[in-house]
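Numbering (the numbering used here), first residue to last: 10 to 430. Note that beta-carbon positions come from the ideal geometry of N, C-alpha and C, so glycine has one too. Worksheet: the structure to be examined is printed underneath.
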Ligand SMILES: Cc1cc2nc3c(=O)[nH]c(=O)nc-3n(C[C@H](O)[C@H](O)[C@H](O)COP(=O)(O)OP(=O)(O)OC[C@H]3O[C@@H](n4cnc5c(N)ncnc54)[C@H](O)[C@@H]3O)c2cc1C
């Protein structure tokens, strides 16, 4: 029996393979590697379905234009005279309005509502990875910013997420004593959690391989063979691999794979950076819970034996160039919020690793999941932007439903690839 071939072995491809395997569907995963360059390795590891807002938000046009001039800003857009990028940018800016923002938030919240339960099910099935259940804490320097963001959580409440009341700086410090007096308030998501990204990828690969699934790493797919409305095989490592169905889950690389099929799915790379400090800097109070620092837009995730700082968004094409000013901005970011944080956070040397990886960004901020227009058995699962870890198990379930029933579940209707024509 020909397998479903999943192209891409980041969290999205692996969770898709997991869900298919659980349904008894033969599956092969092919990943180009190196794994450390994928977004699935670099991220902050937050499973945070409450933060369902798409990236294009009301007010972001003015902010992004201002930040464009500043190469160490949280969102940096490097202007490029590439027609596809210009179309993407215009589409993105058009979506920065309250109506699309609300519709997108509700669609993603509905999709992510089962994320925590699906992660629990994956662990129960035997997938092993490092996970922490300390909640997620959001810290603000100004009450105005806190009030604005807290109000924006209103539409997601009906999906059952547990959100603490808005808290004063002192109440927040009682929960997380590492916070400095400059933090004036915040809120807490008590049930949401964090994990160590590379252990999740390795845990899924090990789970699948132990059960006989063919997971080919460091093998690039260089073509998808089609006949009429059908994908018949993929070409990888100099071989033709026949496929019953092909799922393209190649993150920010997805457009490159689809281009030879004359398919233009608008996905740009939103490069992010992370800095691992192992061990974590010595502080009067060690950081005990994952923290999001609103003003600098950086997530701090304490993990076993280390701490990870992750953030920033750079739209500069698909590359892994490390821009020192952006690494320095991430490194500096913790200083205002954490008591005793070193003035010069090390960004090189023993115990320090800097990573960069591309978030797959659609212009409307929503994932792209479903059959590709014109094909009966060629699916796409990509475009998860800031929420790929959070939405990976739900994506796996949805793609497995799509393949086994032939019909897209209602919850992924807003993510239909056909919306891009
Ligand atoms: C700094 C940062 C922080 C983040 N924090 C969070 C967070 O806290 N929570 C959250 O939910 N999300 C977070 N994200 C987003 C999340 O990491 C991504 O949405 C997610 O990892 C995307 O997964 P993916 O599998 O689609 O893509 P990737 O992880 O990029 O994987 C794509 C894979 O496709 C493979 N590939 C490419 N081309 C080919 C080819 N030709 N043949 C075969 N394979 C190919 C690549 O090798 C790669 O392994 C963060 C991202 C970044 C960068």
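Which listed residue (the options) has its alpha carbon closest to that of residue i
| i | options | result |
| --- | --- | --- |
| residue 269 | 243, 74, 70 and 35 | 243 |
| residue 393 | 43, 49, 29 and 32 | 49 |
| residue 62 | 84, 401, 78 and 112 | 112 |
| residue 360 | 290, 81, 402 and 160 | 290 |
| residue 409 | 399, 376, 93 and 389 | 389 |
| residue 382 | 428, 391 and 353 | 428 |
| residue 358 | 286, 120, 250 and 217 | 286 |
| residue 36 | 188, 250, 186 and 97 | 250 |
| residue 175 | 189, 154, 10 and 168 | 154 |
| residue 7 | 139, 46 and 387 | Because the chain spans 10 through 430 in this model, residue 7 falls outside it and cannot be assessed. |
| residue 207 | 45, 11, 12 and 377 | 45 |
| residue 256 | 150, 238, 233 and 248 | 233 |
| residue 144 | 364, 167 and 301 | 301 |
| residue 281 | 351, 364 and 340 | 364 |
| residue 377 | 14, 11 and 21 | 21 |
| residue 341 | 330, 329 and 354 | 354 |
Any non-hydrogen atom of ligand 1 closer than 8 angstroms to residue i Cβ
| i | result |
| --- | --- |
| residue 247 | no |
| residue 52 | yes |
| residue 393 | yes |
| residue 265 | yes |
| residue 20 | yes |
| residue 114 | no |
| residue 57 | yes |
| residue 305 | no |
| residue 81 | no |
| residue 399 | yes |
| residue 213 | no |
| residue 368 | yes |
| residue 105 | no |
| residue 432 | Here the chain comprises residues numbered 10 to 430, so residue 432 is not present and cannot be evaluated. |
| residue 34 | no |
| residue 268 | no |
| residue 97 | no |
| residue 294 | no |
| residue 180 | no |
| residue 47 | yes |
| residue 342 | no |
| residue 42 | yes |
| residue 350 | no |
| residue 206 | yes |
DSSP three-state assignment for residue i, whether helix, strand or coil
| i | result |
| --- | --- |
| residue 10 | coil |
| residue 371 | coil |
| residue 57 | coil |
| residue 188 | strand |
| residue 178 | helix |
| residue 238 | coil |
| residue 228 | coil |
| residue 267 | helix |
| residue 113 | helix |
| residue 50 | helix |
| residue 410 | helix |
| residue 392 | coil |
| residue 44 | helix |
| residue 75 | helix |
Inter-residue CB distance, residue i and residue j (contact presumed, cutoff 8 angstroms)
| i | j | result |
| --- | --- | --- |
| residue 198 | residue 57 | 7 angstroms |
| residue 101 | residue 426 | Going by Cβ atoms, the distance from residue 101 to residue 426 rounds to 17 angstroms, so no, they are not a contact pair. |
| residue 296 | residue 309 | 6 angstroms |
| residue 38 | residue 26 | 5 angstroms |
| residue 32 | residue 413 | 6 angstroms |
| residue 379 | residue 24 | So it is not a contact: roughly 16 angstroms between Cβ atoms. |
| residue 188 | residue 346 | 6 angstroms |
| residue 65 | residue 374 | 5 angstroms |
| residue 196 | residue 173 | 5 angstroms |
| residue 385 | residue 238 | 5 angstroms |
| residue 261 | residue 245 | Actually they do not touch by this definition, with Cβ atoms about 19 angstroms apart. |
Residue i versus residue j: straight-line alpha-carbon distance, rounded
| i | j | result |
| --- | --- | --- |
| residue 171 | residue 332 | 38 angstroms |
| residue 322 | residue 367 | 9 angstroms |
| residue 258 | residue 70 | 29 angstroms |
| residue 118 | residue 165 | 6 angstroms |
| residue 299 | residue 86 | 28 angstroms |
| residue 312 | residue 305 | 21 angstroms |
| residue 284 | residue 335 | 11 angstroms |
| residue 114 | residue 92 | 28 angstroms |
| residue 160 | residue 294 | 31 angstroms |
| residue 274 | residue 47 | 19 angstroms |
| residue 19 | residue 210 | 7 angstroms |
| residue 136 | residue 51 | 20 angstroms |
| residue 212 | residue 219 | 10 angstroms |
Beta carbon proximity, residue i to chain D, threshold 9 angstroms
| i | result |
| --- | --- |
| residue 94 | Judged by its chain identifiers, the structure shown contains no chain D, having just a single protein chain. |
Distance cut-off 8 angstroms: residue i Cβ against heavy atoms of ligand 2
| i | result |
| --- | --- |
| residue 283 | Because ligand 2 does not appear in the structure shown, any question about it cannot be addressed here, the ligands present being ligand 1. |
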